[in-house]
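In my numbering, the protein residues as written are 119 to 440.
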């Protein structure tokens, strides 16, 4: 028989051994559980720059455990790769897991337009840029306009537009706007311009008025100078309508109408009693005509009655171009 001292020593040794064994088993189990706690992310975890709130679940593919908190969050007002630290637990065992997240700017500039559809009358010019009220990027701020002809493969941080808009030709025109930021994110937007057809005469009058003040140049038919018949021909050419070049032949263009039935846009042929047309003008209404008068006057607005008395010529024909 062992004495009592030896028994207590033996018992203590067994107790210590059991405690150490339990600690070893606990440590092994703890390590197995701790090591099993894991996170796998989607292939490329990205958070959009400037996101006020982002969904962590969309960044995580699988999680072995439960995400209980975020120890270190990312800052979305700075682009680049950042470390997100998540606290994941199983039972009473927790683990901090770092996850690499890229904060990226992938959104193009915002294009703001005033109207989706613009309607104008034929012959009325329209400034396309006036309908584009703002182009703004979340990082780069205001984006500047450059002409489409200046855009190259290296261009960035700009906006431009593309359109075959012609205010002199009736139809529906699409204006396509394209904006690109410094990170080459692009945005497109479009609107329409509807050019409503109006009478040839009204359009001719509008174009003619826009040319008042141009110089008289013998033999010239625009756009920087005119003689009388060249002026008349040029105005109609702006509408895609071809008429002859000289005053003598313009007397036979279109159809003849009497002066009592004259309308804006009609050609007034001036000459002498021999019936030969020596001067052409465009009637614009209210007894007025616009014409390339002579080298000293250039293109002017004249009262038909005054010209009849002052020029020494007479109206030998009025022609209407349909």
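Where is the CB? At the ideal position from N, CA and C, for every residue including glycine.
Beta bridge counterpart(s) of residue i as assigned by DSSP
i	result
residue 418	409
residue 437	374, 385
residue 157	181
residue 190	203
residue 395	389
residue 198	221
residue 148	In DSSP, residue 148 forms no bridge with anything.
residue 400	385, 408
residue 208	211
residue 263	277
residue 334	344
residue 216	203
residue 166	222
residue 339	344
Distance between beta carbons of residue j and residue i, contact taken as under 8 Å
i	j	result
residue 263	residue 277	6 Å
residue 312	residue 237	5 Å
residue 373	residue 438	5 Å
residue 182	residue 211	Not quite, the Cβ-Cβ distance comes to about 12 Å (not below 8 Å), so this is no contact.
residue 401	residue 418	Not really, about 14 Å apart at Cβ, beyond 8 Å.
residue 204	residue 192	Rounded, the Cβ-Cβ distance is 11 Å, inconsistent with contact.
residue 339	residue 352	5 Å
residue 198	residue 221	6 Å
residue 151	residue 208	5 Å
residue 365	residue 321	Incorrect: roughly 22 Å between the Cβ atoms, too far for contact.
residue 227	residue 254	6 Å
Segment limits, alpha helix (DSSP H) that includes residue i
i	result
residue 327	318-328
residue 251	Unbroken run through residue 251 is the beta strand (DSSP E), 250-255; no alpha helix (DSSP H).
First through last residue of the beta strand (DSSP E) which encompasses residue i
i	result
residue 349	Careful: residue 349 lies outside any beta strand (DSSP E), inside the alpha helix (DSSP H) at 346-355.
residue 367	Counting along the chain, residue 367 falls outside any beta strand (DSSP E), though it belongs to the alpha helix (DSSP H) covering 365-368.
residue 297	289-298
residue 244	First-last for residue 244: undefined, no H or E at that position.
residue 450	Outside the shown range of the chain, which is 119 to 440, sits residue 450, and nothing can be said about it.
residue 314	304-314
residue 232	Residue 232 -> no beta strand (DSSP E), and no H or E assigned at all.
residue 269	Segment: none, residue 269 is in no beta strand (DSSP E) and carries neither H nor E.
residue 361	Segment: none, residue 361 is in no beta strand (DSSP E) and carries neither H nor E.
residue 174	Per DSSP, residue 174 belongs to no beta strand (DSSP E) and is neither H nor E.
residue 380	Careful: residue 380 lies outside any beta strand (DSSP E) and carries neither H nor E.
Residue i, buried or exposed, once every other Cβ within 10 Å from all chains shown has been counted against 16
i	result
residue 371	buried
residue 271	exposed
residue 149	exposed
residue 368	buried
residue 133	exposed
residue 260	exposed
residue 330	exposed
residue 415	exposed
residue 143	exposed
residue 361	buried
Beta-carbon proximity check, residue i vs residue j, cutoff 7 Å
i	j	result
residue 310	residue 235	yes
residue 241	residue 286	yes
residue 410	residue 354	no
residue 383	residue 319	yes
residue 302	residue 346	no
residue 436	residue 386	yes
residue 325	residue 356	yes
residue 422	residue 407	yes
residue 269	residue 252	no
residue 280	residue 267	no
residue 215	residue 206	yes
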